[in-house]
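Residue numbers (our numbering): 546 to 689. Positions of the beta carbon are idealized from the N, C-alpha and C atoms, including for glycine. All values reported here derive from a predicted model rather than from experimental measurement. Everything below concerns the one structure shown next.
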Amino acid sequence: MKKALLILIALLGAIQLIRPDRTNPPVDTKIALHAPEKVAKILKRSCYDCHSDETVWPWYSDIAPLSWSIVGHVNDGRKALNFSRWATIDPKIKTKRLKRAVKTTANGMMPLSSYLWIHKDAKLSKEDKEILKTWFETELRKLQ
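What follows is the structure, encoded as structure tokens:
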């Protein structure tokens, strides 16, 4: 039992050496999203950690194997929709992403429930959802 525990501790220690890249690329304000203040506040509070290059990395993102999962989620989020590169997104893709954003925020799929466990302030209120929906739909009309 002691030997197994020591091996487990050694393995947990060893995997800490496998460090995923947690850098935030520099944000170019010329291509970043410029939304109305109310919208920007909601997005920054509830979406930017995964959907921008302005991720605030929490302390637990330093601990493997959690770090691997968190970095994977952030990378996936940035690939799906990155508000820091808003002006560079192809209009067809932007249309798809905005339509998806309307659905996923309205039905509570975003922010992810696993994110909300620790980031309770990121939960979208009914008012937040309505503000985002209105803005997403306004942006969609601009693209048509």
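DSSP-derived helix/strand/coil call for residue i
i: tryptophan 680; result: helix
i: isoleucine 615; result: helix
i: isoleucine 576; result: coil
i: leucine 550; result: helix
i: leucine 669; result: coil
Boundaries (first-last residue) of the alpha helix (DSSP H) holding residue i
i: proline 565; result: Note, proline 565: premise wrong, no alpha helix (DSSP H); not H, not E.
Of the listed residues the options, nearest to residue i (C-alpha basis)
i: valine 572; options: His618, Val584, Arg623; result: Arg623
i: lysine 575; options: Leu657, Leu550, Ala632, Leu551; result: Ala632
i: asparagine 652; options: Leu626, Leu669, Glu682; result: Leu669
i: glutamate 582; options: Leu685, Trp680, Val616, Ile615; result: Trp680
i: tyrosine 605; options: Ala577, Thr640, Arg564; result: Arg564
Rounded Cβ spacing between residue i and residue j (contact assumed at less than 8 Å)
i: cysteine 595; j: valine 619; result: 5 Å
| said: My parser needs the alpha helix (DSSP H) runs of 4 or more residues fully inside the stretch 582-660; what are they? | reply: You should have 582-591, 593-596, 611-625, 636-651.
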